[in-house]
Each structure stands twice: as C-alpha cells, then as structure tokens.
Amino acid sequence: MSPNTTIALKVTPADRRVARFAAAAIALTVAEAAIPTPLPGIKPGLANIVVLVVLARYGWREAAWVSLLRVVAGSLLVGQFLAPGFFLSLTGALLSLAVLAFSSRLPQRAFGPVSQSVLAAFAHIGGQVLLARLWLVPHDGVFYLVPAFAVFALFFGIINGLIAARLLRENAP
C-alpha cells in the first residue's frame with residue numbers, strides 16, 4: 002500500500018448511535034470520577050444508565066460496545082488506563098455485560114431496567130471484589146467489604162434502573 006492510499010470506512014447509523022451513546026457514558030464516567038466516595042470503588046455507576054437504555058432500545062451488542070468504549074476511553078481521560086482501576090472497571094463491565102446478556106432474554110415484565118440494573122451492579126462489584134482478591138489484595142479480609150459494597154450496589158442499581166426506566170418511557174420511539 003502506498004503512503005497516499007486512502008482507506009474509506011463505511012460508517013453506519015448504528016456506528017453513529019454507538020458513538021453518541023458512548024460519548025454520553027464517557028462524560029458521565031469522567032464527571033463521576035470527581036465525586037468523593039465513602040469507600041474506594043464505590044461509585045454511582047451513572048454511565049450504566051446509558052448502557053441500560055441502549056440495551057433496551059438497540060440490543061446487547063450495541064450496549065456492549067458502549068460499555069467497553071466507556072471503560073477504555075474513560076480510563077484514558079482520567080489517567081487510569083492499564084492501571085489497577087482500569088482492570089477492575091473492565092472486569093466489572095464484562096461481568097455486568099454477561100449478566101445483561103442473560104437477563105435480556107428473560108420476560109421483560111419481571112426483568113426490566115430496574116432488575117437488570119441491580120443484577121448488573123451486583124455482577125460488577127462481584128467481579129471487582131474477586132479480581133481485587135486474586136490480584137491486588139492477597140488476603141480474605143477484602144471480603145469483609147462485600148456487605149457494604151452490596152448495599153451500595155443495591156441502592157445505586159435501583160436508582161439507575163429507575164432513571165433508565167423513566168428515560169425509556171419518556172423517550173419512547
């Protein structure tokens with residue numbers, strides 16, 4: 002290939018949609034990084050609202066793209082790329098996506114945005130605690146934090162799910 006060769010990529014409407022939603026999720030991630038927390042690792046997970054909306058409207062594949070782009074770009078912007086926080090976030094996101102893939106196939110009457118958000122929040126924190134135990138804190142004492150993390154996961158999971166549900170209702174296509 003010569004240096005003057007131009008490669009043209011076809012940009013689809015889905016690509017544009019993912020980019021818009023990922024930008025919103027990244028902005029929320031960066032804003033959230035400035036919020037002080039009572040314990041390290043406890044965050045509201047505001048970007049997950051965006052992921053839930055994308056999941057409900059456009060499916061798991063686009064939600065996965067938004068979530069993973071948020072983790073990578075967000076970590077670059079806050080200076081955590083390839084640091085332990087990046088891997089904790091990535092592990093939580095991957096487990097959350099796995100749970101969302103499963104829960105999105107369940108009856109929506111029982112598993113809407115609120116229950117999906119709570120399940121994803123528990124998966125996220127569960128993955129982070131396990132990775133922290135296996136990699137960063139080689140002591141079972143890390144598990145003493147699980148009850149506090151679970152309370153915050155339940156609280157923020159419910160709040161984020163309610164916000165996602167409201168956005169889905171208000172902006173129904």
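Per the working numbering, residue 2 is the first one in the sequence shown, and the count goes up by one each step.
Note that beta-carbon positions come from the ideal geometry of N, C-alpha and C, so glycine has one too.
request  = Check each candidate in PRO14, ALA64 and THR13 and name the one with the smallest Cα separation from ALA121.
outcome  = For the set PRO14, ALA64 and THR13, the Cα lying nearest the Cα of ALA121 is the one of ALA64.
query = Where are the alpha helix (DSSP H) runs, 4 residues long or more, that stay fully inside the segment 85-141, in chain order?
reply = Within the segment 85-141, the complete alpha helix (DSSP H) runs of at least 4 residues are 85-104 and 114-132.
task = Verify whether the separation of the beta carbon atoms of THR38 and VAL79 is less than 9 Å.
result = No, the pair does not count as a contact, with Cβ atoms beyond the cut-off.
request  = Using the Cα positions of ASP141 and PRO45, report the straight-line distance between them to the nearest angstrom.
outcome  = ASP141 and PRO45: Cα-Cα distance of roughly 25 Å.
inquiry  = Please classify PRO114 as buried or exposed, where buried requires at least 16 neighbouring CB atoms within 10 angstroms.
reply    = That one is buried.
query = For the candidate residues ALA34, ALA151 and ARG58, whose alpha-carbon lies nearest to that of GLN129?
reply = Answer by Cα proximity: ALA151.
message = Given this structure, state the Cα-to-Cα distance separating ARG170 from ALA99, to the nearest angstrom.
response = So the alpha carbons of these two residues sit roughly 25 Å apart.
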